[in-house]
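Chains as they are written, first to last, in our numbering: chain A, 24 to 173; chain B, 24 to 173. C-beta atoms are modelled at their ideal positions from N, C-alpha and C, and glycine is treated no differently.
Number of protein chains: 2
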Amino acid sequence: MSSLPVSDAELLRLDHQVCFSLHAASRAFGGVYREALKELGLTYPQYLVMLVLWEHGPEPVKRIGERLRLDSGTLSPLLKRLEAAGLVRRERSAEDERSVIIRLTGAGTELRERALPVPRRMLAATGLTVEELRTLRGLLGRVTGALDAT
Amino acid sequence: MSSLPVSDAELLRLDHQVCFSLHAASRAFGGVYREALKELGLTYPQYLVMLVLWEHGPEPVKRIGERLRLDSGTLSPLLKRLEAAGLVRRERSAEDERSVIIRLTGAGTELRERALPVPRRMLAATGLTVEELRTLRGLLGRVTGALDAT
DNA sequence: CAGGAATGAGTTGTGTGCAACTTGATTGCG
DNA sequence: CGCAATCAAGTTGCACACAACTCATTCCTG
């Protein structure tokens, strides 16, 4: 809560700056991740999908989409590329024929070892302290929640 | 700055959460902006370009790209769409024939009036206080600076 | 002053991201 | 039971975002 009055003009500038900062930060992260993931042959969204599978095991497309807030229009071609790369298999669910289960292959499981050093490099590259990272995560989470509720 | 020891595993999880939060927040903002800008016929990146032109007047493509951290591969088609929409003109610079100056048309200038209420709606939708917005802007700016320096 | 390096736009190709739609399977209500 | 509503994937179309490239112009150095 600010104890000082804030002019309308300043508010509008602040909004622009926050939105722009978010846009810029997201792309800056993307750039560094792109570099870090290049040797793994993964893009950042593909890496996010692999993280989900490494952590939770086989999951239907729908569930992955819920975790990452991505729809089938984004996930379907992405998963096809992961399948073409030999990292996952896509198999129709037996219980519900509408559903497709995504399962790691041997190569997909093994890739985890090579991916382990990535987050540490990213963490160092941000230049933030653990406290600041927690603050950032908290604020971003609240913003996302509020915006999604709109 | 943390006074408590932090395990490696927790650090890695924190990194994932921050990166994912950033990705998610950026897309959540995009979604709300998409809605707010729909009646103006602008996408969010197009809106960013218009903001630059409204604030700074005619500028070469290069300068706009520096302000928004976008390269010509992104800006060229985007500016062509703005030109097709009748909002800007593209004219070769007289001093430097390599350079293209982007200039608002009458319609582009007038659009500003209709765009004015947008940031206030966004500000309200975030649900954050002014203090929190400043903190968020500061952290994002530092992250982007650090990542760009890599 | 000449010619190669550097610069500013633009083009091409790949990969998201999302809206709108299609297809096939399941659910549930009358 | 039967059929409409719902649901999960996938497809299509459009708009970024970026790497790698081309082309024309300008700079700069020998």
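- Arg-121/B: not part of any alpha helix (DSSP H); DSSP gives it neither H nor E.
- Taking 8 Å as the CB threshold, Gln-40/B lines the interface with chain A.
- Interface flag for Thr-173/B against chain A is set, since a Cβ pair is found closer than 8 Å.
- The beta strand (DSSP E) runs of length 3 or more contained entirely in the segment 85-172 of chain A are, from start to end of the chain, 111-115, 123-127.
- Separation of Gly-129/A and Arg-135/A (C-alpha to C-alpha, rounded to the nearest whole angstrom) is 10 Å.
- Only residues of its own chain outside the window of five on either side were considered, and among them Glu-82, Ile-87, Arg-90, Leu-91 have a CB closer than 8 Å to the CB of Val-75/A, listed in chain order.
- Fewer than three pairs of CB atoms, one per stretch, sit closer than 8 Å, so the segment 43-56 of chain A makes no contact with the segment 104-120 of chain A.
- Residue burial is scored here from C-beta neighbours: Thr-149/B has at least 16 other C-beta atoms within 10 angstroms and is therefore classed as buried.
- In summary, the residues of the segment 143-166 of chain B whose CB is separated from some CB of chain A by less than 8 Å are Arg-143, Met-145, Leu-146, Ala-148, Thr-149, Gly-150, Leu-151, Thr-152, Val-153, Glu-154, Glu-155, Leu-156, Arg-157, Thr-158, Leu-159, Arg-160, Leu-162, Leu-163, Gly-164, Arg-165, Val-166, in the order they occur in the chain.
- Close CB contacts of Val-141/A within its chain, under the 7 Å cut and outside five residues either way in sequence, are with Ala-59, Leu-60 (chain order).
- When the Cα atoms are used, Leu-63/A and Arg-137/A turn out to be separated by approximately 7 Å.
- Residue contact with chain B for His-79/A: absent (no Cβ-Cβ distance below 8 Å to any residue of chain B).
- Secondary structure note for Leu-63/A: it is in no alpha helix (DSSP H), with a DSSP letter that is neither H nor E.
- For Gly-80/A, the number of other beta carbons within 10 angstroms of its own is below 16, and it is reported as exposed.
- DSSP, read as helix, strand or coil, puts Pro-81/B in coil.
- One Cα belongs to Arg-144/B, the other to Val-72/B, and the distance between them is close to 19 Å.
- The residue from Leu-35/A, Cys-42/A, Leu-34/A with its alpha-carbon nearest to that of Leu-170/A is Cys-42/A.
- Under the Cβ criterion of 8 Å, Arg-121/A is not counted among the residues facing chain B.
- The beta-carbon distance between Ser-122/A and Thr-167/B, rounded to whole angstroms, is 39 Å. This is too long to meet the 8 Å contact definition.
- With a threshold of 8 Å between beta carbons, Ser-99/B makes no contact with chain A.
- Straight through space, the alpha carbons of Gly-109/B and Leu-151/A are spaced by roughly 44 Å.
- Glu-120/B counts as exposed, since fewer than 16 other C-beta atoms from the protein chains shown sit within 10 angstroms of its C-beta.
- At least 8 Å separates the CB of Leu-65/A from every CB of chain B.
- Taking a 10 Å sphere around the C-beta of Ala-48/B, we find 16 or more other C-beta atoms and assign the residue as buried.
- The beta carbon of Ala-51/B sits closer than 8 Å to some beta carbon of chain A.
- Separation of Arg-165/A and Arg-157/B (C-alpha to C-alpha, rounded to the nearest whole angstrom) is 15 Å.
- Contact annotation: Ser-95/B and Val-111/B have beta-carbon atoms that are not nearer than 8 Å.
- Under the 10 Å beta carbon count, Arg-36/B is surrounded by fewer than 16 other beta carbons and is classified as exposed.
- Taking a beta-carbon distance threshold of 8 Å, Leu-170/B counts as an interface residue toward chain A.
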